[in-house]
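Colleague: Numbering (my numbering), first residue to last: 9 to 474.
Pasting the structure below:
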């Protein structure tokens with residue numbers, strides 16, 4: 009029923025792992041034993057199976073409350089310590105958060121549930137266990153990096169500080185490739201933290217054979233460098249052979265730019281000008297228009313727009329200035345993150361970000377309460393707008409203005425504003441770099457300086473009759 013309702017409303021569901029510390033209520037309920045929700049294999053069917061195939065050793069259908077045999081699948085990952093209390097699998101290593109660990113799957117063995125006349129237990133003995141690094145890995149990428157530093161005898165306090173050097177975005181980028189690496193080394197039975205070079209290369213080859221791009225494989229290389237112990241003080245990603253291998257990947261499958269052109273800002277400005285005046289607009293219309301104006305005149309990323317905070321806002325007669333107090337992608341030692349300056353535009357009040365922001369602050373003051381983030385949801389209960397919500401607003405305005413949103417994403421406002429308007433209007437390169445927060449002209453030229461897309465411009469010029 010839920011799935012049908014979501015399909016009807018064009019909503020997609022996805023599964024994700026949420027740490028128990030951030031999902032306390034659900035985590036608590038999942039541990040409550042409810043007999044009414046427990047299921048078991050029909051006793052008649054179970055008896056028929058035993059009559060047909062003989063006595064079974066392990067109950068693979070066992071739940072937490074119901075089981076047909078003394079040994080269940082859960083006993084394969086549970087043992088007993090010397091005091092007799094239940095303990096985790098002795099093959100497992102100690103990790104900070106055992107809920108993030110899983111035992112690597114062993115090859116399928118029919119004897120594990122076949123009719124053994126001797127009735128021998130299939131629980132592995134300590135002698136059958138290989139090294140803990142081969143048997144147990146952490147699903148969470150950050151946990152794997154933590155273990156890597158622990159193996160270098162680095163203290164937990166120092167490790168915690170080192171781990172903060174990776175942003176949340178970087179952690180999310182690394183996570184799937186660390187998981188792939190875990191799956192790979194489990195198959196080949198190698199030490200994940202000190203593997204031979206040929207195994208690392210074979211792993212990167214497997215990603216290449218899956219059709220992954222150079223950029224993606226390069227991200228995987230960086231992820232491996234974070235967890236594999238250095239050899240002779242050289243990270244695995246910087247190894248000469250790995251570097252040469254990546255050059256081969258680059259030549260075989262060179263990365264293509266996200267955009268070869270950018271969109272013309274003029275139609276979007278015309279659309280914004282057609283909207284009602286700030287004091288006559290609905291809150292939704294005012295919010296979406298303001299977000300788009302701020303995105304264009306500041307050339308900031310969605311991350312920075314989401315960080316705008318009235319606690320760090322300074323108002324002048326003709327401007328609003330926001331200091332970015334939180335960590336952003338450009339943040340680094342010795343670099344002062346430029347503030348976001350929103351100036352008045354007297355030439356056209358319909359496009360004046362200062363006028364619209366002043367009206368927006370007045371409107372949202374009624375329900376802002378203690379919330380200091382600039383952008384709030386235009387729908388009740390008017391919580392702070394998430395980064396994704398702000399991106400959706402920009403996407404909506406782009407689509408309404410006629411921009412090809414199947415090609416251009418909200419992030420492209422940076423290139424559109426800087427390239428198609430500012431640069432072509434003879435704005436100095438220094439001002440463009442300072443406004444957008446780019447570190448160098450090379451960064452701008454490489455990623456954002458794109459020609460404006462014009463439908464049939466070349467063809468029209470050639471075929472036009474003078």
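A virtual CB, placed ideally from N, CA and C, is assigned to each residue, including glycine.
Work out the CA separation of residue 169 and residue 240 for me, nearest whole Å.
Modeller: Going from the Cα of residue 240 to the Cα of residue 169 covers about 24 Å.
Colleague: From 382, 385, 296 and 322, pick the residue whose C-alpha is nearest to that of residue 403; which is it?
Modeller: The candidate whose alpha carbon is nearest that of residue 403 is 296.
Colleague: Check whether the region 406–424 touches the region 271–282, taking contact to mean three or more Cβ pairs, one atom from each stretch, closer than 8 Å.
Modeller: With a cut-off of 8 Å, the region 271–282 and the region 406–424 count as touching, because enough Cβ pairs lie within range.
Colleague: Put residue 349 into one of helix, strand or coil per three-state DSSP.
Modeller: Strand.
Colleague: Along the beta strand (DSSP E) that carries residue 322, what are the first and last residues, could you check?
Modeller: Segment 321–323, the beta strand (DSSP E) holding residue 322.
Colleague: Leaving out five residues on either side along the sequence, give the residues of the same chain with a beta carbon under 6 Å from the beta carbon of residue 175.
Modeller: The answer is none, since no qualifying residue turns up.
Colleague: Could you give the residue range of the alpha helix (DSSP H) that holds residue 211?
Modeller: Per DSSP, residue 211 belongs to the alpha helix (DSSP H) from 205–217.
Colleague: Quick check on residue 249: buried or exposed, where buried means 16 or more other Cβ atoms within 10 Å of its Cβ?
Modeller: Exposed, since its Cβ has fewer than 16 Cβ neighbours within 10 Å.
Colleague: Between residue 304 and residue 364, how many whole angstroms is the CB-CB distance? I'm expecting something under 8 Å.
Modeller: So it is not a contact: roughly 12 Å between Cβ atoms.
Colleague: Out of 292, 333, 310 and 331, state which residue places its alpha-carbon closest to the alpha-carbon of residue 388.
Modeller: Measuring from the Cα of residue 388, the nearest candidate turns out to be 292.
Colleague: Hey, out of 381, 201 and 217, whose CA is closest to residue 236's CA?
Modeller: Comparing Cα-Cα distances from residue 236 to each of 381, 201 and 217, the minimum goes to 201.
Colleague: With DSSP run on the structure shown, which of helix, strand or coil describes residue 327?
Modeller: Residue state, collapsed to three classes: strand.
Colleague: Can you tell me the Cα-Cα spacing of residue 325 and residue 352, whole angstroms?
Modeller: The alpha-carbon atoms of residue 325 and residue 352 are separated by roughly 9 Å.
Colleague: Which one of 210, 315 and 238 has the shortest CA to CA distance from residue 192?
Modeller: Measuring from the Cα of residue 192, the nearest candidate turns out to be 210.
Colleague: Please say whether residue 392 and residue 399 have beta carbons closer to each other than 9 Å?
Modeller: The answer is no: Cβ separation not under 9 Å.
Colleague: Just to confirm my understanding: we take residue 283, look at its own chain, exclude 5 residues before and 5 after, and list those with CB closer than 8 Å. What are they?
Modeller: Correct list, in chain order: 289, 293, 297 and 358.
Colleague: May I have the straight-line CA-CA distance separating residue 314 from residue 54, to the nearest angstrom?
Modeller: Answer to the nearest angstrom: the Cα atoms are 58 Å apart.
Colleague: Which residue comes first and which comes last in the alpha helix (DSSP H) that contains residue 367?
Modeller: First-last of the alpha helix (DSSP H) with residue 367: 361–376.
Colleague: Quick check on the burial criterion: 16 or more other C-beta atoms within 10 angstroms. Buried or exposed for residue 310?
Modeller: Flag for residue 310 reads buried.
Colleague: Taking 9 Å as the cut-off, decide whether the C-beta atoms of residue 347 and residue 329 are in contact.
Modeller: Contact flag set, yes.
Colleague: For residue 232 versus residue 189, is the C-beta spacing smaller than 9 Å?
Modeller: Yes; because the gap between Cβ atoms is below 9 Å, this pair is in contact.
Colleague: Out of 56, 224, 306 and 15, which has the shortest C-alpha to C-alpha gap to residue 181?
Modeller: Nearest C-alpha to residue 181: 224.
Colleague: Do residue 212 and residue 229 have their CB atoms nearer than 9 Å?
Modeller: Yes; because the gap between Cβ atoms is below 9 Å, this pair is in contact.
Colleague: Taking 6 Å as the limit between beta carbons, can you name the residues of its chain near residue 401, skipping five residues before and five after?
Modeller: Around residue 401: 296 and 299.
Colleague: Any idea if residue 383 is buried or exposed, counting beta-carbon neighbours within 10 angstroms, 16 or more meaning buried?
Modeller: Counting Cβ neighbours within 10 Å, residue 383 comes out buried, since at least 16 surround it.
Colleague: With H, G and I counted as helix, E and B as strand and the rest as coil, what does DSSP make of residue 316?
Modeller: Coil, per DSSP.
Colleague: Would you decide whether residue 154 is buried or exposed? Buried here means 16 or more other CB atoms lie within 10 Å of its CB.
Modeller: Answer is buried; the Cβ neighbour count reaches 16.
Colleague: To the nearest angstrom, report how far apart residue 203 and residue 172 are at their CA atoms.
Modeller: One C-alpha to the other measures close to 26 Å.
Colleague: Can you tell me the Cβ-Cβ gap for residue 215 and residue 179, rounded? I've got them flagged as a contact below 8 Å.
Modeller: Going by Cβ atoms, the distance from residue 215 to residue 179 rounds to 19 Å, so no, they are not a contact pair.
Colleague: Could you check whether residue 280 and residue 301 sit closer than 9 Å to each other, using their CB atoms as the reference points?
Modeller: Yes, Cβ-Cβ distance for residue 301 and residue 280 is below 9 Å.
Colleague: Can you tell me where the alpha helix (DSSP H) with residue 193 in it begins and where it stops?
Modeller: Counting along the chain, the alpha helix (DSSP H) containing residue 193 begins and ends at 176–196.
Colleague: Terminal residues of the continuous alpha helix (DSSP H) containing residue 392?
Modeller: Segment: none, residue 392 is in no alpha helix (DSSP H) and carries neither H nor E.
Colleague: Of the choices 14, 187 and 356, whose alpha-carbon is the least far from that of residue 277?
Modeller: Out of 14, 187 and 356, 356 has the C-alpha closest to the C-alpha of residue 277.
Colleague: Quick check on DSSP: helix, strand or coil for residue 476?
Modeller: Outside the shown range of the chain (9 to 474) lies residue 476, about which nothing can therefore be said.
Colleague: What did DSSP end up calling residue 299 once you bin it into helix, strand or coil?
Modeller: Correct three-state label for residue 299: helix.
Colleague: Are the CB atoms of residue 306 and residue 350 within a distance shorter than 9 Å?
Modeller: Going by C-beta atoms, residue 350 is nearer than 9 Å to residue 306.
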